[in-house]
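A short write-up of the structure that comes next.
There are 2 protein chains.
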Amino acid sequence: MGSDGKSRAAALGAEDASLVSPWPVRKATQRNRDLKREAVIRAAARAFNARGYHNTSIDEIAAALNVTKPTIYYYVANKEQLLLECILTGLERVLEPFRRPREAGVTARGHLNDMMRHYAEAIASEYGWCMVRAEDLGLEPASLQHIKRLKSEIDQGIRRLLEEGIRDGSIEVQDLKMTSFALAGALNWIAHWYRENQSMTPGEIAEAFVRIFNLGLAPRAAQDRPRSRRSRARKEPIP
Amino acid sequence: MGSDGKSRAAALGAEDASLVSPWPVRKATQRNRDLKREAVIRAAARAFNARGYHNTSIDEIAAALNVTKPTIYYYVANKEQLLLECILTGLERVLEPFRRPREAGVTARGHLNDMMRHYAEAIASEYGWCMVRAEDLGLEPASLQHIKRLKSEIDQGIRRLLEEGIRDGSIEVQDLKMTSFALAGALNWIAHWYRENQSMTPGEIAEAFVRIFNLGLAPRAAQDRPRSRRSRARKEPIP
DNA sequence: GGTAGTACTTACTTACGAGTAGAATCTACC
DNA sequence: GGTAGATTCTACTCGTAAGTAAGTACTACC
Numbered sequence: 023m024g025s026d027g028k029s030r031a032a033a034l035g036a037e038d039a040s041l042v043s044p045w046p047v048r049k050a051t052q053r054n055r056d057l058k059r060e061a062v063i064r065a066a067a068r069a070f071n072a073r074g075y076h077n078t079s080i081d082e083i084a085a086a087l088n089v090t091k092p093t094i095y096y097y098v099a100n101k102e103q104l105l106l107e108c109i110l111t112g113l114e115r116v117l118e119p120f121r122r123p124r125e126a127g128v129t130a131r132g133h134l135n136d137m138m139r140h141y142a143e144a145i146a147s148e149y150g151w152c153m154v155r156a157e158d159l160g161l162e163p164a165s166l167q168h169i170k171r172l173k174s175e176i177d178q179g180i181r182r183l184l185e186e187g188i189r190d191g192s193i194e195v196q197d198l199k200m201t202s203f204a205l206a207g208a209l210n211w212i213a214h215w216y217r218e219n220q221s222m223t224p225g226e227i228a229e230a231f232v233r234i235f236n237l238g239l240a241p242r243a244a245q246d247r248p249r250s251r252r253s254r255a256r257k258e259p260i261p
Numbered sequence: 023m024g025s026d027g028k029s030r031a032a033a034l035g036a037e038d039a040s041l042v043s044p045w046p047v048r049k050a051t052q053r054n055r056d057l058k059r060e061a062v063i064r065a066a067a068r069a070f071n072a073r074g075y076h077n078t079s080i081d082e083i084a085a086a087l088n089v090t091k092p093t094i095y096y097y098v099a100n101k102e103q104l105l106l107e108c109i110l111t112g113l114e115r116v117l118e119p120f121r122r123p124r125e126a127g128v129t130a131r132g133h134l135n136d137m138m139r140h141y142a143e144a145i146a147s148e149y150g151w152c153m154v155r156a157e158d159l160g161l162e163p164a165s166l167q168h169i170k171r172l173k174s175e176i177d178q179g180i181r182r183l184l185e186e187g188i189r190d191g192s193i194e195v196q197d198l199k200m201t202s203f204a205l206a207g208a209l210n211w212i213a214h215w216y217r218e219n220q221s222m223t224p225g226e227i228a229e230a231f232v233r234i235f236n237l238g239l240a241p242r243a244a245q246d247r248p249r250s251r252r253s254r255a256r257k258e259p260i261p
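Protein sequences appear in the order of chains A and B.
For the first sequence, the numbering used here gives the first residue as 23, with consecutive numbering after it.
For the second sequence, the numbering used here gives the first residue as 23, with consecutive numbering after it.
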C-alpha cells in the first residue's frame with residue numbers, strides 16, 4: 023500500500039469525468055518516482071543475489087541506496103513484493119523472444135538458438151538469480167500463480183519451437199517435455215555459477231550451449247561436422 | 023553441541039588405553055540413536071523440500087515426528103547443521119558413480135550415461151531439493167567450503183569423463199567446462215519440477231536426458247539413427 | 001513567499017522463531 | 001527394584017528484522 027492512491031483515482035476518472043480530481047498530476051515528479059522505484063528493485067536484486075533473499079534485510083537494501091528503511095516502504099509494499107518484482111522482471115526478459123514472431127527465412131531451430139542466446143543474457147543479469155534461485159515457496163498464492171503462469175509460458179514456448187522444428191525438419195527430438203526441461207535447466211543453472219565464474223560473456227556461454235544442444239555429445243559423421251570456422255557462415259550451421 | 027560427549031571420549035580411548043572409560047558403551051542404544059538421528063534429517067529434508075529452508079521452523083520438523091523442539095536439538099546442533107547434512111547426503115549420493123572405477127568394456131560415454139541415470143535418481147530423492155535449491159549462501163564458511171569441495175568433485179568428475187570420451191572416441195565436444203555445466207544444470211534442475219510433476223520415474227527421465235545429450239536436437243544423418251527399438255541392443259546405442 | 005503534496009527520517013512496536021535451562025521420565029542393566 | 005545414563009518435556013530467553021506511526025524537510029507551483 024501507500025503507493026497508488028492517486029493513480030487509482032486517475033484511472034477511475036478516465037471512466038467518469040465528474041470524478042476527475044481538480045489537482046493535476048505532476049508529470050516530472052512521477053517519472054522521477056518510477057526511476058527511483060526501479061533503482062530500489064535493482065538494489066534489492068543485487069542484494070538478494072549476493073546474500074540470498076532471507077539473509078538480506080530491508081535495512082541493508084536501504085543502506086546500499088543511502089536511505090533508511092521506511093523509504094523502501096515508500097516505494098514498495100513489503101519485502102515479498104520486492105522479490106516478486108525481481109522475479110517478474112527476469113521472467114519477462116526471458117519471455118521476450120517467445121513473444122516476437124519468427125523472422126522470415128529462419129528455421130525453428132534458428133529461432134530456438136536465438137532464444138537460447140537471449141535466455142543466457144537474461145539469466146546472467148541481476149534478475150536472473152532471483153528468478154531462478156529465490157525460494158518462491160512461501161510467496162503469496164496469488165504471486166506464486168503469476169510466476170507459474172509466466173514459467174509455463176516459457177515452457178510452452180520452447181515446446182512450440184521444438185514442434186515447429188520437427189515439422190520444418192530442422193529439429194529431431196523424442197520427448198518434447200523432457201527436451202524443454204533439459205534446455206531450461208541447463209540455461210537456468212547458469213545463474214548458479216555465473217556470479218562466481220564470469221570468465222565468459224553470456225554470449226559466449228550461449229554459443230557453447232547452442233553447440234552442445236544442437237550436436238549432442240556423441241560423435242557425428244564426418245561430413246556433418248564442419249571443422250573450419252568459415253563454414254559457420256551458413257545460415258544456421260548444422261555443425 | 024550436546025550430541026557427542028561420549029563418542030569423543032571413546033575416540034580418545036582408542037589411542038590411549040588408560041583413558042578408556044570404565045562405563046561400557048551401550049551398543050543397542052547407540053544404534054537406535056543413529057536411526058532416530060537419521061529420521062530427523064529425513065524429516066527435515068522433507069520439510070525443507072515442501073516449504074523451503076527459511077520457511078520451515080524447527081517446531082514444524084519436530085511436530086512431523088511427534089516430538090518437541092528440544093528433541094531435535096538433542097540430535098542435531100542447530101538448524102544450519104540440519105541443512106548441511108541434507109545437502110551433504112545428496113551430494114554424496116551423486117558422487118558415488120564418479121568414485122567407482124569404470125567397468126571393463128564400457129566407453130567413457132557409457133559411463134557418463136550411467137552417471138546421468140544415477141544423478142537423476144539422487145536428485146529426485148528427498149535430498150535432491152536441499153542439495154540444489156537450498157540457499158547455501160548464509161551457511162558458515164567451513165560448511166560452505168565442504169559443499170564447494172564436493173560440488174567441484176562432481177564437476178571435475180564430469181569433465182574427466184568427457185576427456186576420456188574424447189580420447190576413446192565415444193564423445194566429441196568443444197568446451198569441457200560448458201558441457202559439464204550444461205549437463206549438471208539440466209540434471210540439477212530436475213529437482214525443481216520433479217516434486218510437482220512426477221509423471222515419470224527418475225529412470226525414465228534419465229533415459230530421455232541421455233538421449234537428448236547424446237544426440238542433440240539437430241537431425242542426424244539417417245544411418246546414424248536407428249529407428250527400430252531393436253537396434254538399442256548394441257552396447258551403447260549411438261541412437 | 002506561501003502552500004499542497006512529495007519524499008524521507010527518527011523512533012518505535014511486534015511477532016516469530018532459534019536456541020536453552022532444568023526438570024521429568026524412561027530404560028538398560030546390576 | 002534401584003540407579004546411572006539416555007531421552008524427552010515444559011517453560012522460558014533473546015535477537016533480529018519486518019513493518020509502522022508520526023513527524024520533518026524538501027520542491028514545484030501559484
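By construction, the Cβ of each residue, glycine as well, lies at the ideal position given by its N, Cα and C atoms.
A quick note: this is a predicted structure, and the numbers were derived from the prediction, not measured.
A61(B) counts as exposed, since fewer than 16 other C-beta atoms from the protein chains shown sit within 10 angstroms of its C-beta. Close to chain A, meaning a Cβ-Cβ distance shorter than 9 angstroms, are the following residues of the stretch 207-218 of chain B: G207, A208, L209, N210, W211, I212, H214 and W215. With fewer than 16 neighbouring CB atoms inside 10 Å of its own CB, R53(B) falls in the exposed class.
With fewer than 16 other beta carbons inside 10 angstroms of its own, E218(B) counts as exposed. T201(B) carries a helical assignment under DSSP once its states are collapsed to helix, strand and coil. Legend: CB atoms of the stretch 187-200 of chain B lying less than 9 angstroms from CB atoms of chain A belong to residues G187, G191, S192, I193, E194, V195, Q196, D197, K199 and M200. Nearest Cα to M153(A) within the set I234(B), H214(B) and T90(B): H214(B). Contact between A130(B) and L183(B) is confirmed by a C-beta separation of about 5 angstroms, below the 8 angstroms threshold. Around the C-beta of E125(A), fewer than 16 other C-beta atoms lie within 10 Å, and the residue is accordingly described as exposed. In terms of beta-carbon proximity, A65(A) stays away from the interface with chain B, with every pair separated by 8 angstroms or more. Here T90(B) is not near A99(B), since their CB atoms are 8 angstroms or more apart. 8 angstroms or more divides the Cβ of I180(B) from the Cβ of G187(B).
In this structure the stretch 95-109 of chain B lies against the stretch 56-70 of chain B, because at least three pairs of beta carbons, one per stretch, are closer than 8 angstroms. By the Cβ-count criterion, E157(A) is buried, with 16 or more other Cβ atoms from all chains shown falling within 10 Å of its own Cβ. Annotation: the continuous alpha helix (DSSP H) that includes T93(A) extends over K91 to Y97. For A67(B), the uninterrupted alpha helix (DSSP H) run begins and ends at K49 to R73, by DSSP. G238(B) is a Cβ neighbour of G238(A), given a cutoff of 8 angstroms. When DSSP states are grouped into helix, strand and coil, I193(A) belongs to the coil group.
Taking 8 angstroms as the threshold, the shortest C-beta distance from I234(B) to chain A falls below it. Listed along chain B are R155 and E157, each with a C-beta nearer than 8 angstroms to that of R155(A). Collapsing the DSSP output to three states places G238(A) in coil. Ranked by how close their Cα comes to the Cα of R233(B), the residues A240(A), Y97(A) and R233(A) have A240(A) in first place.
One Cα belongs to E185(B), the other to T201(B), and the distance between them is close to 11 angstroms. Counted as a single uninterrupted DSSP element, the alpha helix (DSSP H) harbouring N135(A) occupies residues A130 to A146. In this structure I212(B) does not touch V116(B) by the C-beta definition: roughly 12 angstroms separates them, more than the 8 angstroms allowed. When DSSP assignments are scanned along the stretch 161-188 of chain B, no uninterrupted stretch of beta strand (DSSP E) that is 3 or more residues long falls wholly within it.
Per DSSP, G127(B) lies in no alpha helix (DSSP H) and is assigned neither H nor E. When C-alpha distances from Y97(A) are compared across I169(A), A69(A) and D56(A), the shortest belongs to D56(A). For R217(A), no alpha helix (DSSP H) segment is defined, and its DSSP state is neither H nor E. The residues V154, in chain order, have a CB closer than 6 angstroms to that of N210(A) in the same chain once the five nearest residues on each side in sequence are set aside. If you check the CB distance, E102(A) and E148(A) do not come in under 8 angstroms. In terms of Cα proximity to S174(B), the closest of A228(B), E114(B) and A72(B) is E114(B). For the stretch 76-94 of chain B, the residues whose beta carbon sits under 7 angstroms from a beta carbon of chain A are, in order, H76 and N77.
Here R122(A) is exposed: its Cβ has fewer than 16 other Cβ atoms, across all protein chains shown, within 10 Å.
Contact of A230(A) with chain B by beta-carbon distance below 9 angstroms involves Q196, D197, K199, M200, T201, F203 and A204. With respect to H76(A), H168(B) sits apart: the two C-beta atoms are not nearer than 8 angstroms.
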